[in-house]
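Okay, structure first, notes after.
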Amino acid sequence: MIHSLAGLLDEGGISRERPFREPHSTASMAAIIGGGRSAKPGEVSLAHNGVLFMDEFPEFPRHVLETLRQPIETGEVMVARANAHVKYPSRFMLIAAANPCRCGYMSDPARACARAPECGADYLGRISGPLLDRFDLRVDVPPVAYRDLELPCDSEPSAEVARRIAAARDRQATRYAETLHCTVNADAEGSVLQKFATPSLDGQALLLEIAERFGLTARGYHRVMRVARTIADLAGSEAVERAHIAEAASFRLPTGQIRSQPRNSRKAAAAAQPEKMAMANDSRP
Ligand SMILES: [Zn+2]
85 MIHSLAGLLD
95 EGGISRERPF
105 REPHSTASMA
115 AIIGGGRSAK
125 PGEVSLAHNG
135 VLFMDEFPEF
145 PRHVLETLRQ
155 PIETGEVMVA
165 RANAHVKYPS
175 RFMLIAAANP
185 CRCGYMSDPA
195 RACARAPECG
205 ADYLGRISGP
215 LLDRFDLRVD
225 VPPVAYRDLE
235 LPCDSEPSAE
245 VARRIAAARD
255 RQATRYAETL
265 HCTVNADAEG
275 SVLQKFATPS
285 LDGQALLLEI
295 AERFGLTARG
305 YHRVMRVART
315 IADLAGSEAV
325 ERAHIAEAAS
335 FRLPTGQIRS
345 QPRNSRKAAA
355 AAQPEKMAMA
365 NDSRP
């Protein structure tokens, strides 16, 4: 429907595919959020129920980045015109990628950045704390040497991962079958989150300790609970255990202590150009 409004569909068809949108960092506010003369939906709405991928995230204008906070939080966006306000749905999974610093060589020993560490602090500092707080998973992707690309891949095959994900989603569908407005862990809030994602006693103790030590915001605390619930689901575990909390929290460490991937991971190879930080937020149903 949104794609139809935006005039992106041929012959009045309807799209049944989950969208993948990849706006460029030079895109205007209206193109990302929505607007223009006829208050058209922007990329955040065109990505509804799908993925919004923003490469070179710090290169987007600051006011555009800050405006993302509302749709991330509420799953809707208000597009204002002189004589009309239009509300569009915008529940998307935000995937952002960034070099560690402007020149991109911050942690490459072969081509060290001359302005480190300020180069990285200035560059990643364009992403505000409240915006970064809304990312559930932050992963450091180290550069991969060409000779390592030839190494055999020892990670779990994608088909296997897809099966685990399908099983985890089935588990969530069963869990939330009786709960209104909630189909997956990302939708769980308040009492629903407490009921289904409260960890075991030693898991709770660890979560409190992490919250105090790293100064987690209330939002961050609940996001760790949701991610831990999903990690437990992927592991086929009914209870959220201490290990699930530890893993969820490891994805949320302060910038500069971002979680590392194995050096010769193929996934890292695909994303590293020369080094990127990938961040994901899932508010998608
Ligand atoms: Zn640099």
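Take 85 as the starting number for the sequence shown in this note's numbering and just add one per residue.
Where a beta carbon is used, it is the ideal one built from N, C-alpha and C, also for glycine.
Being a predicted model, the structure only gives us computed values, none of them experimental.
Look at the alpha carbon of residue i and the alpha carbon of residue j, and state the distance between them as a whole number of angstroms.
| i | j | result |
| --- | --- | --- |
| Asp238 | Leu318 | 19 Å |
| Arg175 | Ala312 | 21 Å |
| Glu240 | Gln288 | 30 Å |
| Arg121 | Pro173 | 19 Å |
| Phe298 | Asp220 | 15 Å |
| His328 | Gly320 | 12 Å |
| Arg259 | Glu273 | 14 Å |
| His306 | Ala281 | 9 Å |
| Ala229 | Ala181 | 20 Å |
| Gly134 | Met177 | 6 Å |
| Ala197 | Cys203 | At residue 197 the sequence reads Cys, which differs from the Ala that was named. Those two C-alpha atoms are separated by around 8 Å. |
| Ile342 | Gln256 | Model confidence at Ile342 stands at a pLDDT of 41, short of 50, so the residue's coordinates are unreliable and nothing is read from them. |
Going by the beta-carbon positions, is the gap between residue i and residue j smaller than 9 Å?
| i | j | result |
| --- | --- | --- |
| Ala164 | Gly119 | yes |
| Arg336 | Gly304 | yes |
| Arg218 | Asn269 | no |
| Glu127 | Arg105 | yes |
| Arg210 | Arg146 | yes |
| Pro125 | Ala90 | yes |
| Ile315 | Glu331 | yes |
So, helix, strand or coil for residue i, using DSSP?
| i | result |
| --- | --- |
| Tyr207 | helix |
| Ser344 | Low local confidence applies: a pLDDT of 41 at Ser344 is under 50, so the model's placement there is unreliable, and no value is given. |
| Val228 | coil |
| Leu264 | coil |
| Ala175 | A small fix is needed here, since residue 175 is Arg in this sequence, not Ala. Note: Arg175 maps to coil in three-state DSSP. |
| Glu160 | strand |
| Phe280 | helix |
| Pro236 | coil |
| Phe141 | helix |
| Gly333 | Inspection of the sequence shows that residue 333 is occupied by Ala rather than by Gly. Looking at Ala333 - three-state DSSP - the assignment turns out to be helix. |
| His306 | helix |
| Ala168 | strand |
| Ile86 | helix |
| Leu290 | helix |
| Gly299 | coil |
Report the CB separation of residue i from residue j in whole angstroms; it is logged as a contact under 8 Å.
| i | j | result |
| --- | --- | --- |
| Phe144 | Ser109 | 5 Å |
| Val148 | Ile179 | Not quite, the Cβ-Cβ distance comes to about 16 Å (not below 8 Å), so this is no contact. |
| Glu157 | Lys171 | The Cβ separation is near 14 Å, so there is no contact. |
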